[in-house]
Structures are given as structure tokens and as C-alpha cells.
Amino acid sequence: MHVYPADRFKHFITVLLLLTASWTAHAEWIASELPAELSQLGPGDVIRVFVWKNPELSQDISVSPDGYISYPLIGEIQAAGVTVGSLRKAIEREFRKHLKDPQVTVSLREVRSYNIFVTGEVMSPGLFQPTGAVTVVQAIAMAGGFTAFASRNNIIVYNRFYRKSRLAFDYDGFIAGKSGADDFVLIPGDTIIVR
Numbered sequence: 137m138h139v140y141p142a143d144r145f146k147h148f149i150t151v152l153l154l155l156t157a158s159w160t161a162h163a164e165w166i167a168s169e170l171p172a173e174l175s176q177l178g179p180g181d182v183i184r185v186f187v188w189k190n191p192e193l194s195q196d197i198s199v200s201p202d203g204y205i206s207y208p209l210i211g212e213i214q215a216a217g218v219t220v221g222s223l224r225k226a227i228e229r230e231f232r233k234h235l236k237d238p239q240v241t242v243s244l245r246e247v248r249s250y251n252i253f254v255t256g257e258v259m260s261p262g263l264f265q266p267t268g269a270v271t272v273v274q275a276i277a278m279a280g281g282f283t284a285f286a287s288r289n290n291i292i293v294y295n296r297f298y299r300k301s302r303l304a305f306d307y308d309g310f311i312a313g314k315s316g317a318d319d320f321v322l323i324p325g326d327t328i329i330v331r
């Protein structure tokens, strides 16, 4: 039986759509399995700080490129690399120097620090900034899928900040359901290299 390129492409798109639908249905499960790096703030992220009974101090703030937020009354606070909960405690601690019993809420409004790079034998290589957790398969789909020359069982995931080594990913093995060929959530700064 001969498989035509158009049929392979249709099969690839169908599999990607099924995987995306499956991922969406299990978003809560995946969220509980996220690496710690995904729960940390990074440069460009936008947070909302609400100070109860002090509306003039409540505002949206962007984490600066150097990783700090600048806030009225309390100055600069390190935000990159800490969780929203830890930042809330730090802001509350600083406000205690100026306010009586401050009640602070911090929420993440926009994720802009989740950068993923896909390069090599994909249709549209480049930088991607998803708004939520993305797996290897989903990132490859974001890059338009494989070129005709791609080695789908020789994909490398590399991150110079968080991972100590390169991780191999076997796309064909994952699609076939092979043991040990699991898809995984990418962390900020991951680079996917498709050979």
C-alpha cells in the first residue's frame, strides 16, 4: 500500500487535533503536574495587585526585564523566579511598614514569559509565546508540523536555564503508544530541535 504525502498530512493533522482535544479535556490534571518553573513569574508577566480598603494602591503591574516590579509606597520588589503566593507575601510584608494590617491579593493577568523556541525541520520555526502550558507535540503543531525531511524520532528538547541535559523525544513512538515515549510539558525557555 502506498501512502501519498497528502494522506500523511491529513493523518498528521487529525492526530494533532485529537491530541489537542484530549489535552484540553485534561487541563486540570496537567495543571497539577506542571513543573515548578511554570508557576514562577518572569519578565513581561502582568500581575494584578489588589490592596483591600486601599483602592489607590491596587493596580496592574508588568514584571520588568530585570525581574522586578516597582510599586508605590514600597519601591522595587523581586518578582521573577518567585510564585504569585510568595510575591503576595513579600508585598504584604512591605506594606506592613506603612499600613495597618494590609490585606493583599495578587493574581496573574497575562503570561508573557513563557517563551518556547522550535527550530530545525518544521514548517514555521521560531519563537512561540503560548498563554498556557504546552507539550512537545503541541509546540511542533504550533510550528506548522514537520517538513518532509524531518526525523520524527530524533527530536531534542534543550533548556540552558532549567534542564541539566538534553531530553530526547520520539514523536513516532509517542503516536504509536510506545512505553517511555511520553509527551511532556515544556518549561519557559525550552528549545525544540527537530533534525
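Anchor point for the sequence shown: position 18 equals 154 in this note's numbering, and the numbering is continuous, going up by one each time.
Where a beta carbon is used, it is the ideal one built from N, C-alpha and C, also for glycine.
Of all alpha-carbon atoms in Ile210, Lys233, Leu209, Gly203, the one lying nearest the alpha-carbon of Thr219 is that of Gly203. Around the beta carbon of Gly178, 16 or more other beta carbons lie within 10 angstroms, which makes this residue buried. When the Cα atoms are used, Val185 and Gly221 turn out to be separated by approximately 12 Å. The three-state reading of DSSP puts Phe285 in coil, since its state is none of H, G, I, E or B.
In this model, Ile252 and Phe264 are separated by some 5 Å (Cα to Cα).
Note that the C-beta distance between Ser301 and Gly280 is not below 8 Å. If you draw a straight line from the Cα of Tyr250 to the Cα of Leu235, it is about 34 Å long. Around the CB of Phe282, 16 or more other CB atoms lie within 10 Å, so the residue is classed as buried. Val247 and Asp181 do touch by the CB rule: their CB atoms are close to 6 Å apart, below 8 Å. Its Cα nearest to that of Ser200, the residue Gly217 stands out among Leu209, Asn190, Gly217.
Distance from the Cα of Ala269 is smallest, within the candidate group Val254, Ile291, Phe320, for Phe320. Burial check for Thr255: the Cβ neighbour count within 10 Å stays below 16, so the residue is exposed.
Within the stretch 176-234, complete beta strand (DSSP E) segments of at least 3 residues are found at 182-187, 195-198, 204-207, 211-214, given in chain order. Secondary-structure assignment with DSSP links Ile323 through no beta bridge to anything. Where Ala269 is concerned, there is no enclosing alpha helix (DSSP H), because DSSP gives it neither an H nor an E.
Taken through DSSP and simplified to helix, strand or coil, Gly309 comes out as helix.
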